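These notes concern the structure reproduced below.
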Amino acid sequence: MQPLTKIKGFADLFEPESLVFRHLEETARAVFGRHGYQELRTPILERTELFQRSIGEETDVVQKEMYTFADRKDRSLTLRPEATAGVMRAFIESGLHTREPVSRLFTIGPMFRYERPQKGRMRQFHQINVECLGLDAPWVDAEIIAMLWSFLQALQLPGLALEINSLGCPQCRPAYMEALQAFLAGTNDADLCEDCARRRHKNPLRLLDCKAAGCRAIMQEAPKIADCGCPACQEHFAQVLALLRGVGIEPVVNHRLVRGLDYYTRTTFEVVSGDIGAQSAVAGGGRYDGLIKQLGGPDLPGIGFACGMERLALLAQAPVKARPAFCMVLPDAGLLPQAFPLVRHLRDLGLPGDLGEPGKSFKSQMRAANRIQARFALILGPDEWATRVVQCKNLDDGTQTPLSLDDIPALARHLTA
Ligand code: HAM
294 MQPLTKIKGF
304 ADLFEPESLV
314 FRHLEETARA
324 VFGRHGYQEL
334 RTPILERTEL
344 FQRSIGEETD
354 VVQKEMYTFA
364 DRKDRSLTLR
374 PEATAGVMRA
384 FIESGLHTRE
394 PVSRLFTIGP
404 MFRYERPQKG
414 RMRQFHQINV
424 ECLGLDAPWV
434 DAEIIAMLWS
444 FLQALQLPGL
454 ALEINSLGCP
464 QCRPAYMEAL
474 QAFLAGTNDA
484 DLCEDCARRR
494 HKNPLRLLDC
504 KAAGCRAIMQ
514 EAPKIADCGC
524 PACQEHFAQV
534 LALLRGVGIE
544 PVVNHRLVRG
554 LDYYTRTTFE
564 VVSGDIGAQS
574 AVAGGGRYDG
584 LIKQLGGPDL
594 PGIGFACGME
604 RLALLAQAPV
614 KARPAFCMVL
624 PDAGLLPQAF
634 PLVRHLRDLG
644 LPGDLGEPGK
654 SFKSQMRAAN
664 RIQARFALIL
674 GPDEWATRVV
684 QCKNLDDGTQ
694 TPLSLDDIPA
704 LARHLTA
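Numbered per the numbering used here, the sequence shown spans residues 294 to 710.
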């Protein structure tokens with residue numbers, strides 16, 4: 294029978310990759326925890342409508358990338374393509390805002406988008422997602438971006454750049470959209486790529502970040518959203534930039550950074566890498582002040598970001614894994630019942646170790662101890678057992694010390710010294 298294989302765009306993560314992922318998660322929990330963020334775990338499956346109403350009907354994610362299916366009662370469900378919508382749903386449903394004026398939440402886990410798989414782009418990928426709900430001041434934007442930067446610095450990732458833009462607010466965005474439509478009126482559909490020809494009427498902002506050469510050339514001359522922003526938006530943006538520069542973070546202002554999801558207002562940002570190929574954004578986010586209300590919740594502002602773990606993993610080093618402290622070597626397999634509780638006792642004291650390959654020859658058991666890079670071989674033969682000792686052979690320098698089996702804490706100290 295043919296063995297079954299995994300689905301295209303889905304991956305199994307063995308070590309050392311899974312170690313890198315764990316390192317990313319542990320670093321995120323440590324850095325975000327210091328900033329007062331709490332971990333929230335939301336379901337992977339949500340009602341399809343949640344994503345349609347938040348991410349936007351006209352976005353690529355909703356139009357062509359969602360894993361949507363009917364359940365057994367014919368309800369339309371979707372595997373989450375991002376975390377923000379589910380976090381908003383959970384926030385509203387739990388009434389968290391009635392207990393806390395500000396909620397700082399992070400979520401880590403798999404997301405699903407039906408995109409063409411390539412380096413740094415998977416159909417099941419993982420995000421580390423952060424949201425701060427209830428505050429709209431510029432320092433909040435600066436603080437969350439600075440936190441993202443601290444996280445990336447803690448991971449010691451090379452060659453990253455922070456790009457930033459302001460998308461305006463419901464007061465000034467309409468005037469910009471008009472200016473953009475007026476500019477686009479002089480362009481033929483035939484001069485635009487297929488996606489942009491379709492998007493120009495319903496979602497013209499997306500034309501700004503199209504990668505197609507023809508669209509890029511046309512949009513070079515397009516009006517800049519920063520020039521149309523109302524005074525409040527311009528002041529907000531200026532303060533965010535000043536606060537970031539004050540802590541030594543120099544973002545590059547990118548007028549074409551509009552992001553692919555519809556809910557953004559004011560500050561948007563991305564962190565890009567020059568070292569991981571075409572899928573260069575390792576993190577992206579922004580402010581979404583109308584989203585919670587739009588989903589039926591209170592009129593509260595919010596801002597957040599998500600990092601793509603697969604992309605961070607392309608840049609991060611696997612942490613050095615601790616060597617096993619010991620590996621048992623039994624010249625006589627009949628002593629397994631005596632070795633078994635010893636190994637358990639040492640592990641329970643916190644020592645990583647291995648039972649080795651009992652039943653094999655002494656030579657191959659020693660080879661196994663060396664192969665797993667144990668620091669000590671613990672040799673327990675009939676003579677040792679009779680005198681209540683175990684031989685601790687240091688596999689780095691070859692020295693051998695007999696230690697009493699009646700004082701396991703002393704043995705453990707020797708193995709960790
Ligand atoms: P996004 O830009 O769609 O934003 O995704 C954030 C990050 O997820 C990207 O920068 C990228 O690193 C990673 N990513 C996205 N799609 C894939 C994929 N197919 N394979 C691998 N990595 C991928 C959001 O999802 C927003 N919800 C972020 C946010 C949170 N905004 C406010 N709060």
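Just so you know, even glycine gets a beta-carbon here, dropped at the ideal spot from N, CA and C. In this text, all values refer to a predicted model and were calculated from it rather than measured experimentally.
Residue from the options whose Cα sits closest to the Cα of residue i
{"i": "Pro-431", "options": "Gly-507, Thr-709, Glu-308 and Thr-558", "result": "Thr-558"}
{"i": "Asp-568", "options": "Glu-603, Leu-607 and Lys-299", "result": "Leu-607"}
{"i": "Ala-535", "options": "Ala-439, Thr-480 and Ala-483", "result": "Ala-439"}
{"i": "Cys-425", "options": "Arg-664, Asp-689, Leu-389 and Val-545", "result": "Leu-389"}
{"i": "Leu-428", "options": "Leu-648, Val-546 and Asp-582", "result": "Asp-582"}
{"i": "Gln-513", "options": "Ala-519, Arg-640, Leu-501 and Cys-521", "result": "Leu-501"}
{"i": "Leu-453", "options": "Leu-696, Arg-340, Gln-331 and Ser-443", "result": "Ser-443"}
{"i": "Met-359", "options": "His-328, Pro-336 and Gln-417", "result": "Gln-417"}
{"i": "Asp-700", "options": "Ala-378, Asp-689 and Val-683", "result": "Val-683"}
{"i": "Pro-651", "options": "His-638, Gly-674, Ala-667 and Pro-645", "result": "Gly-674"}
{"i": "Glu-310", "options": "Val-613, Gln-527 and Ile-596", "result": "Val-613"}
{"i": "Gln-666", "options": "Cys-600, Lys-686, Ala-609 and Ala-705", "result": "Lys-686"}
{"i": "Arg-580", "options": "Met-415, Thr-400 and Ala-435", "result": "Ala-435"}
{"i": "Met-602", "options": "Gly-646, Gly-595, Pro-403 and Gln-631", "result": "Pro-403"}
{"i": "Gly-595", "options": "Asp-353, Thr-361, Ile-385 and Arg-604", "result": "Ile-385"}
{"i": "Leu-644", "options": "Pro-630, Pro-296, Ala-710 and Lys-656", "result": "Ala-710"}
Environment of residue i [buried if 16+ CB atoms lie within 10 Å]
{"i": "Thr-391", "result": "exposed"}
{"i": "Val-533", "result": "buried"}
{"i": "Met-381", "result": "buried"}
{"i": "Val-355", "result": "buried"}
{"i": "Ile-672", "result": "buried"}
{"i": "Glu-487", "result": "exposed"}
{"i": "Ser-387", "result": "exposed"}
{"i": "Met-294", "result": "exposed"}
{"i": "Gln-420", "result": "buried"}
{"i": "Ala-576", "result": "buried"}
{"i": "His-529", "result": "buried"}
{"i": "Ile-300", "result": "exposed"}
{"i": "Glu-379", "result": "The amino acid occupying residue 379 in the given sequence is Gly; Glu does not appear at that position. With 16 or more Cβ atoms within 10 Å of its Cβ, Gly-379 is classed as buried."}
{"i": "Gly-590", "result": "buried"}
Beta-bridge partners of residue i, as assigned by DSSP
{"i": "Cys-600", "result": "Ile-421 and Ala-576"}
{"i": "Asp-364", "result": "Paired residue(s): none; Asp-364 is not in a bridge."}
{"i": "Gln-411", "result": "Arg-414"}
{"i": "Leu-671", "result": "Met-621 and Cys-685"}
{"i": "Ile-457", "result": "Val-546 and Phe-562"}
{"i": "Pro-403", "result": "His-419"}
{"i": "Gly-595", "result": "Leu-426"}
{"i": "Thr-371", "result": "Glu-339 and Thr-361"}
{"i": "Ser-697", "result": "Val-682"}
{"i": "Leu-398", "result": "Gln-331 and Glu-424"}
{"i": "Asp-647", "result": "Cys-620"}
Exercise. Can we say the stretch 309-320 touches the stretch 616-627, given the rule of at least three CB pairs closer than 8 Å?
Worked result: no
Exercise. So does the stretch 457-466 actually touch the stretch 620-628, counting three or more Cβ pairs closer than 8 Å?
Worked result: no
For this session: Please determine if the stretch 330-339 and the stretch 363-373 are in contact, where contact requires at least 3 C-beta pairs separated by less than 8 Å.
Result: yes
Problem set entry | Stretch-stretch touch, CB-based, cutoff 8 Å, three pairs: the stretch 577-591 with the stretch 543-562 | yes
Exercise. Should the stretch 510-526 be called in touch with the stretch 541-552, which here means at least 3 C-beta pairs below 8 Å?
Worked result: yes
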